[in-house]
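Numbering (this note's numbering), first residue to last: 4 to 172.
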């Protein structure tokens, strides 16, 4: 029953993030540079079923791809980020994370949390933009510039989310 409850809550979050991404961010001036749906990968509980988490990460990317007609690049990038999430967390928190089952990202210090978020966002955006170039849609633009710009913007949005979430607790 716990798995079903977790799945339903995750699908609700995916739907909410999807609405924000498609209706607000994609229609704004910086829409092509803000991919806030990665927040799902950052906030999903760390002790949940890993297969279900990878599947949900793929699902959110696939839904974004479907609406943006981008051919699977968001699905790949979100699944890759979900797969590498625990490795980045182990790198930035070390043995504290490995020895605990009830870990929460809210327990990290501000600098570690920021580095963790930025690293995961850069990984996501770099893979996304490399695939976009291979797709042939932006051959004349510089990938590194777009990766860094969009990663900084998305990281700022994620930090704002975590700041307000900390105030709520």
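By construction, the Cβ of each residue, glycine as well, lies at the ideal position given by its N, Cα and C atoms.
Keep in mind it's a predicted model, so treat the numbers as computed, not measured.
DSSP places residue 49 in the coil class of the three-state scheme, outside both helix and strand. Per DSSP, the unbroken alpha helix (DSSP H) holding residue 135 starts and ends at 113-138. Buried is the label assigned to residue 64, since at least 16 other Cβ atoms lie within 10 Å of its Cβ.
The C-alpha of residue 66 lies about 9 angstroms from the C-alpha of residue 77. Around the beta carbon of residue 93, fewer than 16 other beta carbons sit within 10 angstroms, so the residue counts as exposed.
Uninterrupted alpha helix (DSSP H) stretches at least 4 residues long and entirely within the region 52-100 occur at 53-71 and 76-96, given in chain order. By the neighbour-count definition (other C-beta atoms within 10 Å, threshold 16), residue 116 is a buried residue. C-alpha of residue 148 to C-alpha of residue 135: approximately 14 angstroms in a straight line. At the C-beta level, residue 45 and residue 120 come within 9 angstroms of one another. Residues of the same chain with a CB within less than 6 angstroms of the CB of residue 128, apart from the 5 flanking positions on each side, are 150, 153 and 154 in chain order. The three-state reading of DSSP puts residue 107 in coil, since its state is none of H, G, I, E or B.
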